[in-house]
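Asks: Keeping their order, the protein sequence lines are chains A and B.
If you're matching positions, the first sequence starts at 1 in the numbering used here and goes up one per residue.
If you're matching positions, the second sequence starts at 1 in the numbering used here and goes up one per residue.
Heads up, the beta-carbon is just placed ideally off N, CA and C, and yes, glycines get one too.
Predicted model only: the values in this text are computed from it and were never measured.
Protein chains: 2
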Amino acid sequence: MSLTFQIQKTRGLARRATLTLPHGAVETPVFMPVGTQGTVKAIPQHLLEELDVRILLGNTYHLYLRPGHEEIRRMDGLHRFMSWDRAILTDSGGFQVFSLSELRKVTEDGVAFRSHIDGSSHFFSPEHSMDVQIALGSDIGMAFDECTEYPADHARARVSLNRTLGWARRSRDHFEQRKHDRPWGQRSAFGVQRSENEPDLLADRFEGKTPSLFGIVQGGMFADLRRECTERLVEMDFPGYAIGGLSVGEPRELTREMIATTLPLLPADKPRYVMGVGYPDEIAEYARMGVDMMDCVLPTRAARHGLLFTSEGRLNIRNRQYAEDQGPADPACGCMVCRRYSRAYLRHLMAAQEPLAAVLNTVHNLAFYLETMRKVREEIAAETVSQESRMGDQAVGESMKR
Amino acid sequence: MSLTFQIQKTRGLARRATLTLPHGAVETPVFMPVGTQGTVKAIPQHLLEELDVRILLGNTYHLYLRPGHEEIRRMDGLHRFMSWDRAILTDSGGFQVFSLSELRKVTEDGVAFRSHIDGSSHFFSPEHSMDVQIALGSDIGMAFDECTEYPADHARARVSLNRTLGWARRSRDHFEQRKHDRPWGQRSAFGVQRSENEPDLLADRFEGKTPSLFGIVQGGMFADLRRECTERLVEMDFPGYAIGGLSVGEPRELTREMIATTLPLLPADKPRYVMGVGYPDEIAEYARMGVDMMDCVLPTRAARHGLLFTSEGRLNIRNRQYAEDQGPADPACGCMVCRRYSRAYLRHLMAAQEPLAAVLNTVHNLAFYLETMRKVREEIAAETVSQESRMGDQAVGESMKR
Chain A
1 MSLTFQIQKT
11 RGLARRATLT
21 LPHGAVETPV
31 FMPVGTQGTV
41 KAIPQHLLEE
51 LDVRILLGNT
61 YHLYLRPGHE
71 EIRRMDGLHR
81 FMSWDRAILT
91 DSGGFQVFSL
101 SELRKVTEDG
111 VAFRSHIDGS
121 SHFFSPEHSM
131 DVQIALGSDI
141 GMAFDECTEY
151 PADHARARVS
161 LNRTLGWARR
171 SRDHFEQRKH
181 DRPWGQRSAF
191 GVQRSENEPD
201 LLADRFEGKT
211 PSLFGIVQGG
221 MFADLRRECT
231 ERLVEMDFPG
241 YAIGGLSVGE
251 PRELTREMIA
261 TTLPLLPADK
271 PRYVMGVGYP
281 DEIAEYARMG
291 VDMMDCVLPT
301 RAARHGLLFT
311 SEGRLNIRNR
321 QYAEDQGPAD
331 PACGCMVCRR
341 YSRAYLRHLM
351 AAQEPLAAVL
361 NTVHNLAFYL
371 ETMRKVREEI
381 AAETVSQESR
391 MGDQAVGESM
401 KR
Chain B
1 MSLTFQIQKT
11 RGLARRATLT
21 LPHGAVETPV
31 FMPVGTQGTV
41 KAIPQHLLEE
51 LDVRILLGNT
61 YHLYLRPGHE
71 EIRRMDGLHR
81 FMSWDRAILT
91 DSGGFQVFSL
101 SELRKVTEDG
111 VAFRSHIDGS
121 SHFFSPEHSM
131 DVQIALGSDI
141 GMAFDECTEY
151 PADHARARVS
161 LNRTLGWARR
171 SRDHFEQRKH
181 DRPWGQRSAF
191 GVQRSENEPD
201 LLADRFEGKT
211 PSLFGIVQGG
221 MFADLRRECT
231 ERLVEMDFPG
241 YAIGGLSVGE
251 PRELTREMIA
261 TTLPLLPADK
271 PRYVMGVGYP
281 DEIAEYARMG
291 VDMMDCVLPT
301 RAARHGLLFT
311 SEGRLNIRNR
321 QYAEDQGPAD
331 PACGCMVCRR
341 YSRAYLRHLM
351 AAQEPLAAVL
361 NTVHNLAFYL
371 ETMRKVREEI
381 AAETVSQESR
391 MGDQAVGESM
401 KR
């Protein structure tokens with residue numbers, strides 16, 4: 001099987017599961033760090049492993065432009081290229097085409113655009129997006145969709161939805177034809193120095209396995225369109241589904257509403273992925289609502305700006321009040337940064353514009369996000385629904401709100 | 001003893017020794033990475049430990065300006081501030097005052113200058129430099145000297161030399177008076193979370209120990225001035241000596257000549273430190289000439305520009321020829337970068353301007369420099385001077401030339 005999703009326990013709407021992919025097992029609910037250009041900014045892969053990251057995101061748009069999907073295919077895929085032997089999910093490139101590139105022209109066939117790097121002309125269609133993702137060799141790829149802008153009225157959201165559905169069908173059909181052409185198993189996906197005596201067993205490791213394609217529910221902020229899109233995608237029988245087009249500027253109540261509207265219509269036995277969220281309290285909340293997978297640049301991007309997420313709330317480590325604060329960023333955190341470095345030092349690194357600031361802040365924020373999800377998984381998996389657990393639920397809920 | 005220098009073996013002019021400082025033992029000859037602002041750029045302290053760095057440099061000028069020596073003193077010194085429990089050497093601030101600041105005015109008393117950060121006015125004298133270094137709490141401090149510019153004629157070098165000698169005497173006198181006021185032992189110098197049961201033994205660890213001050217030989221490129229300066233400094237009986245004012249634009253033959261002129265006049269039983277050198281073949285060469293300690297920004301700065309030092313010579317990893325090169329940066333290197341990542345990936349990180357480039361390139365270059373010195377130490381320590389050893393000497397010498 002190229003993808004299995006084994007639910008071990010439920011608690012209310014939440015599910016504790018194991019998602020098994022060609023490059024390993026992922027415990028869900030899971031938060032996926034974003035490694036846009038084949039790197040989670042500033043963090044070496046062995047530190048990601050120490051944080052127990054099991055799956056990360058690569059961006060198809062960026063990697064297509066640089067270094068190129070054919071180049072990466074020739075080098076046996078993104079896993080080997082970035083020396084990451086665990087799971088990778090790639091987005092379709094659709095979102096960045098709309099948000100980053102210049103001079104976009106959308107037709108039924110796809111999107112013509114100019115690279116934000118050098119202005120060169122390119123064309124992304126559902127078929128081409130599938131080819132790029134298969135060449136990269138991610139474990140999970142995403143259908144090429146149109147991320148409806150916000151705000152959009154019902155008529156506009158309807159047109160966008162129709163396009164997304166047509167592109168979803170084309171994505172699926174093309175992906176099914178080509179998915180066996182993934183660049184796995186030719187050589188070790190980990191490290192560049194192999195013992196000469198090492199047998200070439202890796203071909204067996206991926207034998208018969210292919211990447212999997214998820215569909216993406218759009219529909220703007222309209223419950224009826226969301227429901228319609230969901231039903232049509234479910235008919236196409238994807239192995240997993242994402243809810244896209246959220247966290248695009250809408251108020252949080254609307255985000256929650258669209259998730260709550262959509263989730264019940266998605267197959268319960270398949271993974272459900274909300275793209276592009278969120279703050280620590282959000283991801284915990286959505287996990288409790290039944291979301292299995294989430295990704296967001298927030299912990300990593302905020303880190304580089306000195307914004308740290310902690311059990312005591314958010315803090316801006318650049319603030320002068322920390323100049324002689326010798327305590328850790330988060331007294332309740334056991335990450336390598338909080339066990340070793342002081343707030344005063346982290347503040348100094350930001351003030352001095354030192355590259356180590358990005359490294360340490362990012363390690364902490366990722367540790368905080370991953371620990372947040374680990375606690376939710378633990379909560380779902382807990383056997384007793386005792387008074388303590390209920391109080392724990394409430395306490396976790398309260399602390400997650402900050 | 002605050003500093004012991006135990007020579008275990010000599011080979012020709014070279015010495016294999018252990019320099020024991022309050023914050024630990026350093027095997028010499030040694031290359032000291034530069035941690036200008038209390039951080040070796042982009043490298044977390046635990047990676048420095050994994051590389052077996054035993055001593056690093058902090059820059060007095062930078063730390064005085066930001067975050068400030070009194071602030072660092074209040075936080076129990078630079079070791080604790082940067083969570084580095086091994087040895088630290090601080091320079092005097094003299095070089096940066098001359099090279100970085102604006103509107104410098106030099107008098108017999110010291111140097112008035114404006115900060116390069118915000119233009120504020122400051123004054124550095126020998127006494128003030130000693131106060132700052134003691135407040136930082138380095139294991140070794142450097143006398144406040146005037147780094148003679150290059151080129152300088154004999155008359156100019158003479159005037160500069162006289163100033164350096166006067167300032168050396170003032171540095172020594174003031175340092176001797178104040179060295180007991182170092183901020184060690186109040187609390188753990190490692191990490192910010194201590195067990196409540198941990199006894200406060202650290203006060204014993206540094207009891208009776210103080211920082212040590214090294215003198216710096218100047219004299220421009222004039223053998224007679226260098227000899228005179230050396231003799232006068234030796235009369236002042238410093239625990240160690242540096243040769244300064246080199247690698248300031250002079251041809252390498254002149255660098256070597258000044259080192260060769262000076263070393264025989266320095267006490268053989270004390271450490272000899274050449275400041276600001278050099279390329280891998282240089283540091284090996286000078287170590288074989290009898291130099292015990294060296295520092296340079298080259299491996300770390302070059303790394304950030306994509307210049308990697310390898311057993312096959314220097315390579316610019318940004319070069320297009322590496323775009324699909326799946327081998328390691330250096331096939332002969334066992335560092336964490338060469339064991340895991342490919343040249344193609346390192347090149348991509350540079351092209352994509354990703355912060356991970358600085359991390360990985362720096363780890364490799366430091367590993368290469370430290371391994372270079374380790375091999376020289378091993379060579380000096382080797383028992384037999386066999387035909388193989390002589391051939392090894394020649395091979396190492398050849399490979400170091402690139």
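Hey, residue 164 (chain A) and residue 133 (chain A) are a contact pair by Cβ (cut 8 angstroms); roughly how many whole angstroms apart?
Replies: That belief does not hold up - the Cβ atoms of residue 164 (chain A) and residue 133 (chain A) are roughly 17 angstroms apart, past 8 angstroms.
Asks: Of all the CB atoms in chain B, is at least one closer than 8 angstroms to the CB of residue 43 (chain A)?
Replies: Chain B contact via Cβ: present.
Asks: Check whether the segment 370-386 of chain A and the segment 253-265 of chain B are in contact - that is, three or more C-beta pairs closer than 8 angstroms.
Replies: The segment 370-386 of chain A is not in contact with the segment 253-265 of chain B.
Asks: Can you give me, in chain order, the residues of the segment 75-101 of chain A that have a beta carbon less than 7 angstroms from any beta carbon in chain B?
Replies: Within the segment 75-101 of chain A, the qualifying residues are 75, 81, 82, 83.
Asks: From the DSSP output, in three-state form, read off residue 160 (chain A) for me.
Replies: Helix at residue 160 (chain A).
Asks: Exposed or buried, which one is residue 107 (chain A) when buried takes at least 16 other CB atoms within 10 Å?
Replies: Exposed, because fewer than 16 other Cβ atoms sit within 10 Å of the Cβ of residue 107 (chain A).
Asks: Along chain A, in chain order, which residues have C-beta atoms closer than 8 angstroms to that of residue 350 (chain B)?
Replies: Within chain A, no residue comes near residue 350 (chain B); the closest Cβ sits about 11 angstroms away, beyond 8 angstroms.
Asks: With respect to the alpha helix (DSSP H) encompassing residue 62 (chain A), which residues constitute its N-terminal and C-terminal limits?
Replies: 60-65 is the span of the alpha helix (DSSP H), which, as asked, contains residue 62 (chain A).
Asks: Comparing the C-beta of residue 326 (chain B) with each C-beta of chain A, is any distance below 8 angstroms?
Replies: Chain A, which has a Cβ nearer than 8 angstroms to the Cβ of residue 326 (chain B), makes this yes.
Asks: Identify the contact partners of residue 39 (chain A) in chain B, using a Cβ-Cβ distance below 9 angstroms as the criterion.
Replies: Within 9 angstroms Cβ-Cβ: 345, 348, 349, 352, 354, 355, 356, 357.
Asks: Relative to the C-alpha of residue 227 (chain A), which candidate in A:144, A:262, A:241, A:245 has its C-alpha closest?
Replies: Ranking A:144, A:262, A:241, A:245 by Cα distance to residue 227 (chain A) puts A:262 first.
Asks: Rounded to whole angstroms, how far is the Cβ of residue 40 (chain B) from the Cβ of residue 210 (chain B), which I believe are closer than 8 angstroms?
Replies: In fact, because the Cβ distance is near 25 angstroms, the residues do not count as touching under 8 angstroms.
Asks: Under 9 angstroms, CB to CB, which of the residues in the segment 45-63 of chain B have a partner in chain A?
Replies: Residues passing the 9 angstroms Cβ filter: 45, 46, 47, 62.
Asks: So what's residue 13 (chain B) in DSSP terms, helix, strand or just coil?
Replies: Coil at residue 13 (chain B), not helix or strand.
Asks: Kindly confirm or deny that the segment 144-158 of chain A and the segment 286-302 of chain A touch, where touching means at least three C-beta pairs closer than 8 angstroms.
Replies: The segment 144-158 of chain A vs the segment 286-302 of chain A: no contact.
Asks: Taking only three categories from DSSP, how would you classify residue 238 (chain B)?
Replies: Coil, per DSSP.
Asks: On the three-pair Cβ rule with 8 angstroms, is the segment 311-330 of chain A touching the segment 1-15 of chain B?
Replies: Taking 8 angstroms as the limit for Cβ pairs, the verdict is that the segment 1-15 of chain B does not touch the segment 311-330 of chain A.
Asks: Please compile the residues from chain A whose C-beta is within a distance smaller than 9 angstroms of the C-beta of residue 360 (chain B).
Replies: Under the 9 angstroms cutoff, chain A gives 44.
Asks: For a contact meaning CB atoms closer than 7 angstroms, what does residue 371 (chain A) contact in chain B?
Replies: In chain order: nothing, as chain B lies at least about 16 angstroms away.
Asks: Between which two residues does the beta strand (DSSP E) containing residue 213 (chain B) stretch?
Replies: Residue 213 (chain B) -> beta strand (DSSP E) spans 212-217.
Asks: Measure the Cβ-Cβ separation of residue 233 (chain B) and residue 171 (chain B) and say whether it is below 8 angstroms.
Replies: For residue 233 (chain B) and residue 171 (chain B), no; Cβs fall outside 8 angstroms.
Asks: Determine the DSSP secondary structure at residue 294 (chain A), reduced to helix, strand or coil.
Replies: Reduced to three states, the DSSP call for residue 294 (chain A) is strand.
Asks: Quick one: what's got a C-beta closer than 6 angstroms to residue 43 (chain A)'s C-beta in the same chain, skipping five residues either side?
Replies: Correct list, in chain order: 362.
Asks: Check the C-beta distance from residue 336 (chain A) over to residue 306 (chain A) and give it rounded, since I have them as a contact under 8 angstroms.
Replies: No, residue 336 (chain A) and residue 306 (chain A) are not in contact; Cβ-Cβ is about 18 angstroms, not under 8 angstroms.
Asks: Is there a Cβ from chain B that is less than 8 angstroms from the Cβ of residue 33 (chain A)?
Replies: No, residue 33 (chain A) does not count as interfacial toward chain B.
Asks: From the DSSP output, in three-state form, read off residue 206 (chain A) for me.
Replies: Of the three classes helix, strand and coil, the one that applies to residue 206 (chain A) here is coil, per DSSP.
Asks: Between residue 183 (chain B) and chain A, is any beta-carbon pair separated by less than 8 angstroms?
Replies: Closer than 8 angstroms: no.
Asks: Using CA coordinates, which residue listed in B:185, B:93, B:260 is at the minimum distance from residue 221 (chain B)?
Replies: For the residues B:185, B:93, B:260, the minimum Cα distance to residue 221 (chain B) belongs to B:260.
Asks: Which residues mark the beginning and the end of the beta strand (DSSP E) in which residue 141 (chain B) is found?
Replies: From DSSP, the beta strand (DSSP E) with residue 141 (chain B) extends over 140-142.
Asks: Can you find the residues in the same chain that come closer than 7 angstroms, C-beta to C-beta, to residue 67 (chain A), ignoring five residues on each side of it along the sequence?
Replies: Answer for residue 67 (chain A): no residue qualifies.
Asks: Looking at the secondary structure, which residues open and close the beta strand (DSSP E) in which residue 319 (chain B) lies?
Replies: Segment: none, residue 319 (chain B) is in no beta strand (DSSP E) and carries neither H nor E.
Asks: Out of B:30, B:105, B:369, B:149, which has the shortest C-alpha to C-alpha gap to residue 311 (chain B)?
Replies: Considering only alpha carbons, the answer is B:369.
Asks: In whole angstroms, what is the alpha-carbon distance linking residue 371 (chain B) and residue 47 (chain B)?
Replies: Each residue's Cα considered, the two are about 15 angstroms apart.
Asks: Pull the bridge partners of residue 309 (chain B) from the DSSP assignment, please.
Replies: Bridge partners of residue 309 (chain B): B:314.
Asks: Assuming residue 150 (chain B) and residue 248 (chain B) form a contact by the criterion Cβ under 8 angstroms, report the distance between their Cβ atoms to the nearest whole angstrom.
Replies: With 8 angstroms as the limit, residue 150 (chain B) and residue 248 (chain B) qualify as a contact, their Cβ atoms being about 4 angstroms apart.
Asks: Report the three-state DSSP secondary structure of residue 189 (chain B) (helix, strand or coil).
Replies: Unreliable placement is indicated for residue 189 (chain B), whose pLDDT of 48 sits below 50; the coordinate value is still reported in the next sentence. DSSP places residue 189 (chain B) in coil when its eight states are reduced to three.
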